[in-house]
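Working notes, structure below.
2 protein chains.
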Amino acid sequence: MPTLRLALAQVNPTVGDLDGNARIVREWSRAAADAGAQLVAFPEMMLTGYPVEDLVFRDSFVVASRAALRGLAADLVADGLGELPVLVGYLDADGPPTMSADANPGRGPRNALAVLHAGRIAATYVKHHLPNYGVFDEGRYFVPGDTLTVVRIGGVDVALTICEDLWQAGGPFAAARRAGVGLVVTINGSPYELDKDDVRLPLVRRRAAEAGATVAYVNMVGGQDELVFDGDSMIVTADGTLLTRAPQFVPHLLVHDLELPGADAAAIRPDAPLRDEAARAEGSGAADDMTVSRVQLSDELAAPPAPRAVGGIAEAVSGEAEIWQALVLGLRDYVRKNGFGSVVLGLSGGIDSAVVATIAVDALGPERVVAVSLPSGHSSEHSRDDAADLAKRTGLDYRVQPIQPMVDTFLANLSLSGLAVENLQARVRGVILMGLSNQEGHLVLTTGNKSELAVGYSTLYGDSVGGFNPVKDVWKTLVWKLARWRNDDAVRHGTEPPIPENSIAKPPSAELRPGQLDTDSLPDYPVLDAILAGYVDGDMGRDDLVAAGHDAQLVDRVLRMVDLAEYKRRQSAPGTKISIKAFGRDRRLPITNRWRERGTDPVPADTGTGADQTNDARGAHAGL
Amino acid sequence: MPTLRLALAQVNPTVGDLDGNARIVREWSRAAADAGAQLVAFPEMMLTGYPVEDLVFRDSFVVASRAALRGLAADLVADGLGELPVLVGYLDADGPPTMSADANPGRGPRNALAVLHAGRIAATYVKHHLPNYGVFDEGRYFVPGDTLTVVRIGGVDVALTICEDLWQAGGPFAAARRAGVGLVVTINGSPYELDKDDVRLPLVRRRAAEAGATVAYVNMVGGQDELVFDGDSMIVTADGTLLTRAPQFVPHLLVHDLELPGADAAAIRPDAPLRDEAARAEGSGAADDMTVSRVQLSDELAAPPAPRAVGGIAEAVSGEAEIWQALVLGLRDYVRKNGFGSVVLGLSGGIDSAVVATIAVDALGPERVVAVSLPSGHSSEHSRDDAADLAKRTGLDYRVQPIQPMVDTFLANLSLSGLAVENLQARVRGVILMGLSNQEGHLVLTTGNKSELAVGYSTLYGDSVGGFNPVKDVWKTLVWKLARWRNDDAVRHGTEPPIPENSIAKPPSAELRPGQLDTDSLPDYPVLDAILAGYVDGDMGRDDLVAAGHDAQLVDRVLRMVDLAEYKRRQSAPGTKISIKAFGRDRRLPITNRWRERGTDPVPADTGTGADQTNDARGAHAGL
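Keeping their order, the protein sequence lines are chains A and C.
Take the first sequence: its position 13, counted from the start at 1, is 13 in my numbering, and no numbers get skipped.
Take the second sequence: its position 456, counted from the start at 1, is 456 in my numbering, and no numbers get skipped.
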């Protein structure tokens with residue numbers, strides 16, 4: 001069997017930065033060549049970054065993407081890398097430089113993969129399965145491909161696939177089996193979700209079995225707005241053996257020698273991509289329509305240089321460690337890719353801001369994190385102490401700015417009472433943080449967790465101000481777990497735990513009125529989070545939640561709070577998705593919505609957002 | 001030829017209000033029966049409202065929609081309306097009460113139409129073409145139907161279609177021709193866009209010609225978050241004659257007698273929906289796969305009672321009048337459907353807030369509109385006078401709340417300068433408006449026009465606070481035109497023009513520093529809006545804009561401002577869509593995005609949002 005030294009480049013592109021992304025391809029192709037690789041693969045939409053969303057509709061951008069691809073092919077030759085086949089994702093559309101009408105039968109934009117070789121675009125493949133669910137809108141953007149491209153490299157037939165192709169049975173992997181390939185390369189832009197890595201390996205195994213071939217999976221790494229890509233690139237044989245696997249959340253060049261079955265030379269008809277009649281003979285669904293286009297790239301290769309390349313299998317991380325890494329990377333890349341030098345946040349002494357401050361310190365270093373204690377007359381002494389304690393432990397830039405003078409001036413000039421006074425305090429804090437941002441250039445971080453966002457337990461334009469929210473998709477109970485994990489991890493590494501024990505242990509309070517506790521308005525968080533996870537992440541209805549053992553009245557109250565807080569979420573800052581369903585484009589609900597989960601009870605005709613102004617959540621929809 | 005008296009019920013459902021929407025169907029079916037109608041059609045997704053977005057994934061909601069449909073069928077009998085066939089849009093999914101696997105071959109949620117008759121769901125149709133562009137995500141939500149349902153009513157064969165089916169050649173209308181129907185009914189949830197009514201009539205004519213049959217088009221009316229449905233229901237014959245057309249923006253029962261060709265009785269096989277082989281014989285694309293399902297509902301009908309019913313053709317409105325009606329309806333329904341009793345906004349004396357206040361007065365009446373003058377030390381005397389003048393002309397609830405004491409307290413406690421001080425003033429105003437909202441329960445309106453949103457000329461959490469923005473999709477130059485039109489319209493009707501001439505005529509200023517004018521930071525609005533319309537609405541690139549005659553340096557500056565303001569737009573309030581491409585889900589761009597339109601110039605590697613803090617726009621991205 002021929003030996004192929006394959007390199008998977010798990011790298012971090014930036015949306016829109018065509019030049020920078022091409023530079024990454026050149027640098028990592030050089031590293032791959034230096035390691036003796038005979039083929040190197042980069043992630044989905046590598047050249048443009050992913051997802052580019054409506055940039056797809058900008059002709060100037062599409063033209064630039066295609067020009068960048070041609071330029072890259074030439075630059076690789078200039079770099080002395082012309083003989084190394086480089087697989088790279090890019091944005092394509094009609095016209096050159098696609099191979100032929102057969103290879104790209106669709107019209108309109110295409111999520112494509114190019115094989116760059118000898119200064120040419122030697123072959124292309126167009127993504128067949130387009131995800132149009134969750135955070136994905138690829139049905140909006142792309143025309144699907146219906147041809148499987150098989151490239152012969154060093155005597156091995158290599159089939160090309162892209163991301164969602166892997167998640168569907170039939171289709172390209174079934175076509176790859178019929179085409180008799182030795183290797184399927186799949187390039188990915190697969191966002192992180194908790195424990196998704198536990199799903200990926202069995203999935204790759206299923207597709208490897210379906211294709212009857214080794215599958216090489218390369219994923220990007222890095223943050224893009226609400227998404228964070230976790231890498232987790234790997235190679236799996238047809239019989240399900242995991243050969244090598246890259247660590248999550250860091251750039252990594254995975255180089256591994258593969259023994260692969262040699263191709264049947266008779267299958268090659270380079271000038272006339274053959275229609276694979278076998279594809280029509282078996283199976284069902286979309287796979288039936290896939291044709292196979294074969295391209296001869298290179299004959300037998302020399303054996304790769306010694307020593308044998310072994311990628312190794314990175315130690316798996318999971319649970320809180322995995323989530324923490326995702327949140328750190330998501331924040332770091334949002335800050336870096338948007339050109340900020342520092343962040344600022346309000347530090348209350350409570351658990352949410354303590355965890356966000358610690359994530360920020362881990363992401364950026366303490367000297368780039370400004371934390372401001374913003375005490376009011378209702379702030380407890382321990383809150384201020386806890387904030388100062390965290391500042392001391394982490395070394396971040398700590399400041400104290402009492403809000404009472406501003407609050408008092410508002411109260412002297414306006415007639416406000418009750419909830420309006422509570423919200424006022426949060427809004428004065430927001431004005432101060434935004435003033436610091438304007439004056440000093442920091443990105444403002446907001447710290448509302450997923451439970452708060454769900455029930456609207458926040459003040460619009462108050463504690464919710466900010467450009468990014470690292471814990472937006474983290475349930476309150478998970479915030480606590482992350483805090484404990486981070487402190488324990490510090491102990492394991494012989495460093496000082498960053499988060500004061502008191503911030504973790506004390507009952508949560510917004511401290512907007514004397515003696516206020518979250519539990520005045522909300523059930524205990526373990527109870528609340530269980531209901532919310534069912535309703536938000538699981539789309540469970542009221543009766544299902546009650547049947548699952550939750551108190552009916554409590555379910556009714558919680559669901560109502562979630563429904564009525566939609567307008568607040570619509571104006572909320574972006575934050576890193578870590579769950580199966582994050583607020584934002586992952587969960588799209590109307591604001592104007594009279595549907596209320598009520599079991600079999602009738603829905604009151606006058607039930608609307610504004611009618612609910614007596615709701616006792618902090619900053620309730622009266623805040624609209 | 002048989003005569004059929006057809007009623008099209010152009011009504012205003014509310015998303016999620018199953019009971020309320022069913023009540024509308026019963027009331028308007030009663031009115032249709034009273035008018036002698038023999039068939040009445042309601043809009044797309046009538047029972048659920050439209051669009052319901054991710055409610056589709058909530059099983060409890062789907063079950064409730066289906067139960068509401070069955071309940072409605074029974075209630076219509078109880079109302080003595082069992083003999084009137086009622087066509088109503090609803091949300092379906094697998095299982096009863098769909099007719100048969102043949103009629104509903106898909107799995108998963110379906111955008112469906114039911115024919116209610118004699119207490120039964122006599123027939124259903126599933127939308128064939130699913131829009132997945134612009135504001136529409138139907139590829140995310142629905143499984144497409146592949147069967148054309150033809151119902152024989154009073155000896156006439158009636159084909160059923162839904163909305164997007166009308167916008168695509170081939171498909172159901174081509175199948176309707178092959179099925180030899182006399183009438184095609186199309187039920188719609190078609191959102192308003194400027195001059196869309198001018199597109200609809202030719203479109204309906206093309207489809208009527210394609211079907212070789214009369215086409216009856218019924219659309220909903222009313223506001224749903226950012227969409228406003230404008231009605232414009234109509235009936236057009238196969239030869240293109242417009243028989244009747246309803247007014248836009250108001251509920252309307254359009255009743256018209258149609259002379260229609262009688263059906264070929266031989267085609268009927270009620271128990272075995274026949275596969276229409278002809279459908280496979282001609283044409284191309286999706287139409288080829290449509291089968292025809294035929295249902296016998298009623299034999300020859302008695303002639304409708306005299307006098308002959310003639311729906312009439314409503315006078316067309318266009319331009320500013322049409323837009324004004326859309327904006328008024330969009331605001332009124334947002335307020336009403338979300339249960340608010342009143343609105344509050346800041347009234348600066350400038351044109352944007354003057355126009356929004358006038359829209360609010362037209363939508364809600366002056367007694368439900370609170371306008372607050374929020375003068376600072378930089379506010380000119382004429383600004384206060386103009387605000388008071390508008391208040392006097394319209395009779396709204398006018399208040400004055402100087403902001404200087406609060407601004408001064410912030411400045412005494414924080415070290416702020418320049419842009420930070422400008423933004424501070426806007427944010428103090430925001431805090432005051434939100435305080436009034438919390439205290440008194442008003443919905444806060446924000447007044448930033450589309451030009452400001454495009455270039456980020458606003459203060460985040462300052463003048464941008466609010467739950468709804470009536471002029472979000474209105475270019476600044478159009479704001480002025482609307483003001484002039486509204487004043488002229490008042491004169492035409494012999495009432496007082498609401499908007500002070502001075503608010504229209506004076507140079508626009510944010511009045512955040514002495515002598516400030518918008519033109520300090522921005523080009524003249526006619527120049528700016530022309531560039532923005534090309535870039536935002538038209539997806540034109542930099543070189544195209546320069547080729548169109550715009551100054552290259554100015555284009556570069558404006559495009560950069562638009563790109564860098566994405567983070568602000570992501571947190572902006574919803575507002576009524578009136579253009580071909582509104583900010584919001586109509587235009588989805590990443591925040592993290594280093595693509596800069598630069599012609600052939602290289603893109604600087606360090607170009608990011610935060611790096612641009614010297615941009616002189618009011619509340620620039622430093623405000624993040």
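Ideal Cβ placement from N, Cα and C applies to all residues, glycine included.
Everything numeric in this text was worked out from a predicted model, so none of it was measured.
Sequence-distant residues of the same chain with beta carbon closer than 6 angstroms to residue i, five excluded per side
i	result
G223(C)	L329, G330, D333, Y334
H252(C)	Q10, A246
Y125(C)	L113, T149, L160
A278(C)	Because A278(C) carries a pLDDT of 39, less than 50, the predicted location of this residue cannot be relied on, and no value is offered for it.
G134(A)	D586
Where residue i meets chain A, residues with beta-carbon distance less than 8 angstroms
i	result
P405(C)	T409, A412, N413
Q224(C)	P590, T592
R110(C)	Residues of chain A passing the Cβ test: none, with the nearest at roughly 16 angstroms.
Own chain, CB closer than 7 angstroms to residue i, minus 5 neighbours either side, in chain order
i	result
E226(C)	P574, G575, T576, K577, A582, G584
I313(C)	L242, T244, R245
N699(A)	A query on residue 699(A) cannot be resolved here, the shown segment of chain A reaching from 1 to 624 and no further.
D79(C)	R26, R30
Among the options, nearest to residue i - alpha-carbon criterion
i	options	result
L47(A)	A68(A), E27(A), R30(A), A33(A)	A68(A)
L258(A)	F249(A), V250(A), M234(A)	M234(A)
V479(C)	W324(C), P498(C), L8(C)	W324(C)
D54(A)	L364(A), D137(A), D289(A), N487(A)	D137(A)
A309(C)	R120(C), V15(C), Q38(C)	Q38(C)
V355(C)	H378(C), A387(C), N338(C)	A387(C)
R393(C)	V369(C), Q425(C), A363(C), E496(C)	E496(C)
Interface residues of chain A facing residue i [CB-CB closer than 9 angstroms]
i	result
A454(C)	Within chain A, no residue comes near A454(C); the closest Cβ sits about 14 angstroms away, beyond 9 angstroms.
Q168(C)	In chain order: nothing, as chain A lies at least about 15 angstroms away.
G192(C)	For clarity, residue 192(C) is Tyr in the given sequence; the question names Gly instead. Those within 9 angstroms of Y192(C) in chain A number zero; the least Cβ separation is about 16 angstroms.
Collapsed DSSP secondary structure at residue i in the structure displayed
i	result
Q325(A)	helix
R429(C)	helix
T477(A)	helix
R588(C)	coil
M234(A)	strand
V150(A)	strand
I504(C)	helix
Y438(C)	Residue 438(C) is actually Asn in this sequence, not Tyr. It is helical.
P191(A)	strand
Under 9 angstroms by beta carbon: chain C residues contacting residue i
i	result
D543(A)	S60
Sequence-distant residues of its chain with Cβ nearer than 8 angstroms to residue i (five each side left out)
i	result
G189(A)	P43, E44, M45, Y50, P51, G89, C163, N219, M220, F229
R587(C)	V536, K581
G231(C)	Q10, N219, M220, V221, A246, P247, Q248, F249, V250, P251, H252
G441(C)	F340, G341, S342
Residue i: CB within 7 angstroms of a non-hydrogen atom of the ligand FAD
i	result
L243(C)	Summarising the ligand content, the structure contains no ligands, and the ligand FAD is consequently not present.
Contact list for residue i against chain A, beta-carbon separation under 7 angstroms
i	result
G16(C)	N593, R594, W595
Amino acids of chain C, ordered along the chain, whose beta-carbon sits closer than 7 angstroms to that of residue i
i	result
Y398(A)	Neighbours of Y398(A) on chain C: none; closest Cβ ~16 angstroms, over 7 angstroms.
Got a sec: which bits of the stretch 51-76 of chain C sit with their beta carbon under 9 angstroms from any beta carbon on chain A, in order along the chain? P51, V52, E53, D54, L55, F57, R58, D59, S60, F61, V63, A64
Counting only Cβ-Cβ distances shorter than 9 angstroms, please list the residues of the stretch 1-12 of chain A near chain C, keeping chain order. none
Name the residues in the stretch 554-574 of chain C whose C-beta lies less than 8 angstroms from a C-beta of chain A; which are they? Y567, R570, Q571, S572, A573, P574
Between the stretch 416-437 of chain A and chain C, which residues of the former have CB atoms less than 9 angstroms from a CB of the latter, in chain order? L416, S417, G418, L419, A420, V421, E422, N423, L424, R427, V428, G430, V431, I432, M434, G435, L436, S437
Please list, in chain order, the residues of the stretch 127-143 of chain C that have any C-beta partner in chain A closer than 8 angstroms. N132, Y133, D137, G139, R140
Given a limit of 7 angstroms on CB to CB distance, which residues of the stretch 308-334 of chain A reach chain C? Y334
Residues of the stretch 516-530 of chain C in Cβ contact with chain A at a cutoff of 8 angstroms, in chain order, please. none
Positions along the stretch 575-587 of chain A whose CB lies within less than 7 angstroms of some CB in chain C: R587
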